[in-house]
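Taking it in order: structure first as structure tokens, then the write-up.
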Amino acid sequence: MRWVTALVAASGLVVASAENTPYRPGVPPSPFPSQAAAARIHIDADTACKRADDATEPRQVQLAAWVECQVLAFYPYPRTETANDTDWIEGYTNAIHPDGRFGWNNTRYNYDGFLQIYKGFSSAIGKNYGTVWQQWRDYYVASPDTWDPKGRGGVVTTQGFNGGVLKNQTVANNYPNAGYFLVKEIEGRRWIWELREHGTAPTAQTLPEVGQKWPCDPVYEVCT
């Protein structure tokens, strides 16, 4: 009986609040809840690599920080005025697993194919933006491995922007950009096993319609 009374009381509170702010499924309330915004993971680029292996941090923060650290190393843009179009490849080889699968928008690639796409991006960025290219991630959503409470792998999604100031211009043009990362721990270290990047920059319009077949994982898929 007490439970029924409590439920009725709670329902009354919901109805009372709904009269002031009608509840609409799938539509965020206005103003946006501050506690919801605070729950997003924000990673400082200057401390990302250190936090990635800091056992005192929550697992989801370590995972998100590791992805940030890798993206800072392999994203294909020139770091200095003297950098060439390959200064990021070391970061790529250290983070991207050779047997993984990768995609940009609706195209898909294996390790070598995605590397070639990034080389094309690098060349275009260097010619059109130089060192004033900008790319950053506003926040992360990180889900560590659920089957292993000590595992360092998991799934990470990012939301941010890239763009910059074109040469001979003064105003920056930034474009929404997002990423999906599947991170696996293999032989004691993390790898990016799957990366699907989504972008709206004009560069994306020059990609082939499909790309290439990516590797098939026989553990989860039917490979023919």
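FYI, the numbering for the sequence shown is -18 to -1, 1 to 206, going by mature numbering (1 follows the signal peptide of the UniProt record, and there is no 0).
Quick reminder that beta carbons are idealized off the backbone N, C-alpha and C, glycines included.
Keep in mind the model is a prediction, meaning the values are calculated, not measured.
- Ranked by how close their Cα comes to the Cα of D81, the residues T152, L177, D120 and C31 have L177 in first place.
- DSSP places N159 inside the beta strand (DSSP E), whose first and last residues are N155 to I168.
- Per the C-alpha coordinates, the member of Q17, P13 and Q116 positioned closest to T62 is Q116.
- Residue pairing from DSSP places W173 in a beta bridge opposite K166.
- By the criterion of at least three beta-carbon pairs nearer than 8 Å, the segment 132 to 142 is not in contact with the segment 89 to 109.
- Per DSSP, the unbroken beta strand (DSSP E) holding I78 starts and ends at I78 to W86.
- By the Cβ test, the segment 80 to 95 is in contact with the segment 163 to 179, since at least three Cβ pairs between them sit closer than 8 Å.
- Within the segment 4 to 50, not a single complete beta strand (DSSP E) segment reaches 3 residues in length.
- Shown here, Y111 sits in coil according to DSSP, grouped into three states, outside any helix or strand.
- The Cβ atoms of Y122 and V138 lie closer than 8 Å to each other.
- Contact check for E50 against A21 fails: the beta carbons are separated by 8 Å or more.
- Looking from the CA of A124, the closest CA among F163, T206, R6 and E167 belongs to F163.
- Distance from the Cα of I174 is smallest, within the candidate group L148, L189, N76 and P184, for N76.
- Residues P60, T62 and E63 of the same chain have their beta carbon placed closer than 7 Å to that of T113, with the five preceding and five following residues left out of the count.
- Our two residues, L148 and G8, have alpha carbons roughly 38 Å apart in a direct line.
- In summary, A19 is exposed, with fewer than 16 beta-carbon neighbours lying within 10 Å of its beta-carbon over all protein chains present.
- Comparing alpha-carbon positions, the option among P11, D35 and Y93 lying closest to G170 turns out to be D35.
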